[in-house]
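Chemist:
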Amino acid sequence: MTAAQTEMDATAEPGDRCAAMLQRIADLDAEHAKSVAGGGEKYVARHRERNKFTARERIELLIDPGSAFLELSPLAGWGSDFTVGASVVTGIGVVKGVECVITANDPTVKGGASNPWTLKKVLRAAKIAENSLPTIALVESGGGDLSTQKDIFIPGGQMFRDITRASARKETSISLVFGISIAVGAYIPAMSDYTVMVKERAKVFLGGPPLVKMATGEESDDGSLGGAEMHARVSGLADYLAVDELDAIRIGRRIMARLNRHHSAKGVPQIPAYAEPDEDPESLFDLIPTDLKEPFGPRDVIARVADGAGPANEVAFDEFKPLYGARIRNGR
């Protein structure tokens, strides 16, 4: 057997090499710690005072308990004029047994505003998602960093294009909106397949009330212009209205569970267990009025046809856009 031959320079001092490498690792660890810290103690404390979770806490609540989160590009922006981490956290996590690409704006860093490194990081995550992975965006963004507008305009368009192409490939995109999301931050929930907004917190618009007043002279406020309730009832942009951040995450997990992407170890689709309908199907005939012109509630029919709530079915009927177009009931 041929012995392995070393090519190390025996005349060099090994201690010097080791010290230099350890210093480089220490530098890397220090920069990574900055990325994890987000905007720093002051802005994280201000964020918590508003009863909000940080970007990393939202991810931890979203993924399956005990599962790992593989963070991507945590050192984006290192060596540039921008904060290390680029005001967004990206990675791969397991949600309801499904591997997903997750992106989360960090509002403690300049309000979650996007800079050139933010877009590079998100575009890299989108490229990885092309391997048939659904995406979940945890959105709270002040839009684009205006000082870098010329550098983010084209990559921003590429990001929106990627969302539409992913949807065409039937790779689901889900947005959970936790706060104000302007301009770049508004396009993402608008173009996603499913959008969840937190009541009284989420606000989505291209330009805020001051910009509207300057452009049109019209007086408006955040709620009427782009509030969660308005989008749930009037514009239809919000598919689900959550009562708080935890509820938004719960709804996001439920959406993922209902995509029917579960597979066994051999790749064979699993058939989930089911429960009988919550109401007796035999009582369907009792619902139909004798006068066939008299209306009756569709929910009563669904309760007698759809599988009931059970281990594999959190709710019997997951209604889609329940507050929008109330004359029609749809869901799954």
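For the sequence shown, this note's numbering begins at 35 and goes up steadily by one.
In this text, a Cβ means the ideal position worked out from N, Cα and C, and glycines have one as well.
On a predicted model such as this, the values are computed, not experimentally measured, just so you know.
#1: In chain order, which beta strand (DSSP E) runs of at least 3 residues are fully inside the region 144-197?
#2: Rounded C-beta distance between V78 and T142? I'm assuming under 8 Å.
#3: Taking C-alpha atoms, which residue in L357, G342 and Y358 lies nearest to F351?
#4: Find the nearest neighbour of V349 within the set L96, E310 and A200, judged by alpha-carbon distance.
#5: Which residue marks the beginning of the beta strand (DSSP E) containing A276, and which one marks its end?
#6: Determine, using beta carbons only, whether R338 and P315 come nearer to each other than 7 Å.
#7: Over what stretch of residues does the beta strand (DSSP E) that includes F212 continue unbroken?
#8: Which whole-angstrom value describes the C-beta separation of G100 and G111, a residue pair presumed to lie in contact below a C-beta threshold of 8 Å?
#9: State the Cα-Cα distance for the pair I162 and P329, rounded to the nearest angstrom.
#10: Would you call the region 68-78 and the region 150-157 touching, i.e. three or more CB-CB distances under 8 Å?
#11: Between which two residues does the beta strand (DSSP E) holding I136 run?
#12: Between the beta-carbon of G131 and the beta-carbon of S175, is there less than 7 Å?
#13: Candidates S226, E313, L106 and A202: which alpha carbon is nearest G286's?
#14: Taking 6 Å as the cut-off, is the CB of V156 close to at least one heavy atom of the ligand FAD?
#15: Between the alpha carbons of L210 and A171, how many angstroms are there, rounded?
#16: What are the boundary residues of the beta strand (DSSP E) that includes F319?
#17: What first and last residue would you give for the alpha helix (DSSP H) that runs through K247?
#18: Let me know the secondary structure DSSP gives A406 once reduced to three states.
#19: Here's the rule: buried if 16 or more other CB atoms are within 10 angstroms of the residue's CB, otherwise exposed. What is S317?
#20: So, for I93: in the same chain, excluding its five sequence neighbours on each side, which residues have a beta-carbon less than 8 Å away from its beta-carbon?
#21: Could you tell me the alpha carbon to alpha carbon distance between S254 and R267, rounded to whole angstroms?
#22: Check whether the Cβ atoms of V335 and A276 sit closer than 7 Å, and answer yes or no.
#23: Using DSSP's beta-bridge definition, name the partner residues of E105.
#24: Are the Cβ atoms of G178 and A217 separated by less than 7 Å?
#25: Where DSSP assigns a beta bridge to Y77, which residues make up the other side?
#26: When you compare the CB positions of F239 and G260, do they come within less than 7 Å of one another, or not?
#27: To which residues does DSSP link V26 through a beta bridge?
#28: Compare the C-alpha of E353 against each of I322, A272 and E313 and name the closest.
#29: When the Cα of E205 is compared with those of C134, M264, L326 and G49, which residue comes out closest?
Modeler: Based on what the coordinates show:
#1: 169-175
#2: Start at 1 with the first residue of the sequence shown, and residue 78 comes out as number 44. Start at 1 with the first residue of the sequence shown, and residue 142 comes out as number 108. Sure, about 5 Å apart at Cβ, within 8 Å.
#3: Residue numbering aside, residue 351 sits at position 317 when the sequence shown is read from its first letter. That would be G342, whose Cα lies nearest to the Cα of F351.
#4: Translated into positions along the sequence shown, residue 349 becomes position 315. Nearest option by C-alpha distance: E310.
#5: Position 242 of the sequence shown, counted from the first residue, corresponds to residue 276. A276 -> beta strand (DSSP E) spans Y274 to A276.
#6: In the sequence shown, the residue the question calls residue 338 occupies position 304. In the sequence shown, the residue the question calls residue 315 occupies position 281. Going by C-beta atoms, R338 is nearer than 7 Å to P315.
#7: Translated into the one-based positions of the sequence shown, residue 212 becomes position 178. Unbroken beta strand (DSSP E) run through F212: S207 to I216.
#8: The residue you call residue 100 lines up with position 66 of the sequence shown. The residue you call residue 111 lines up with position 77 of the sequence shown. So it is not a contact: roughly 31 Å between Cβ atoms.
#9: Along the sequence shown, one-based indexing puts residue 162 at 128. Along the sequence shown, one-based indexing puts residue 329 at 295. Computed Cα separation, rounded: 50 Å.
#10: no
#11: Within the sequence shown, residue 136 is the residue found at index 102, counting from 1. Taken as a continuous stretch (DSSP letters only), the beta strand (DSSP E) holding I136 covers V132 to N139.
#12: For the purposes of this step, residue 131 is identified with residue 97 of the sequence shown, where counting begins at 1. For the purposes of this step, residue 175 is identified with residue 141 of the sequence shown, where counting begins at 1. No, Cβ-Cβ distance for G131 and S175 is not below 7 Å.
#13: By 1-based counting over the sequence shown, the position of residue 286 is 252. Out of S226, E313, L106 and A202, S226 has the C-alpha closest to the C-alpha of G286.
#14: The ligand FAD is not part of the structure shown, which contains no ligands of any sort.
#15: Translated into the one-based positions of the sequence shown, residue 210 becomes position 176. Translated into the one-based positions of the sequence shown, residue 171 becomes position 137. The straight-line gap from Cα to Cα measures roughly 6 Å.
#16: Here residue 319 is taken as the residue at index 285 of the sequence shown, counted from 1. Careful: F319 lies outside any beta strand (DSSP E), inside the alpha helix (DSSP H) at L318 to L321.
#17: As a working mapping, residue 247 is identified with position 213 in the sequence shown. Note, K247: alpha helix (DSSP H), P243 to T250.
#18: Outside the shown range of the chain (35 to 366) lies residue 406, about which nothing can therefore be said.
#19: Taking the sequence shown and counting its residues from 1, one reaches residue 317 at position 283. With fewer than 16 Cβ atoms within 10 Å of its Cβ, S317 is classed as exposed.
#20: As a position in the sequence shown, residue 93 is number 59, starting the count at 1. So the list reads F103, V123, G125, G127, I136, A138 and L172, once near-sequence residues are dropped.
#21: Against the sequence shown, residue 254 aligns to sequence position 220. Against the sequence shown, residue 267 aligns to sequence position 233. Near 18 Å, if we compare the C-alpha coordinates of R267 and S254.
#22: Taking the sequence shown and counting its residues from 1, one reaches residue 335 at position 301. Taking the sequence shown and counting its residues from 1, one reaches residue 276 at position 242. Not in contact: V335 and A276 (Cβ atoms no closer than 7 Å).
#23: In the sequence shown, counting from the first residue as 1, residue 105 sits at position 71. According to DSSP, which records beta bridges pairwise, E105 is partnered with G125.
#24: One-based indexing of the sequence shown puts residue 178 at position 144. One-based indexing of the sequence shown puts residue 217 at position 183. In contact: G178 and A217 (Cβ atoms closer than 7 Å).
#25: Mapped onto the sequence shown, residue 77 falls at position 43. BP columns for Y77 are empty, so no partner.
#26: For the purposes of this step, residue 239 is taken as the residue at position 205 of the sequence shown. For the purposes of this step, residue 260 is taken as the residue at position 226 of the sequence shown. Against a cut-off of 7 Å, the Cβ pair of G260 and F239 comes out as a contact.
#27: Nothing in the structure corresponds to residue 26, since the chain is present only between 35 and 366.
#28: As a position in the sequence shown, residue 353 is number 319, starting the count at 1. Per the Cα distances, A272.
#29: As a position in the sequence shown, residue 205 is number 171, starting the count at 1. Selected option, being the one with the closest Cα: C134.
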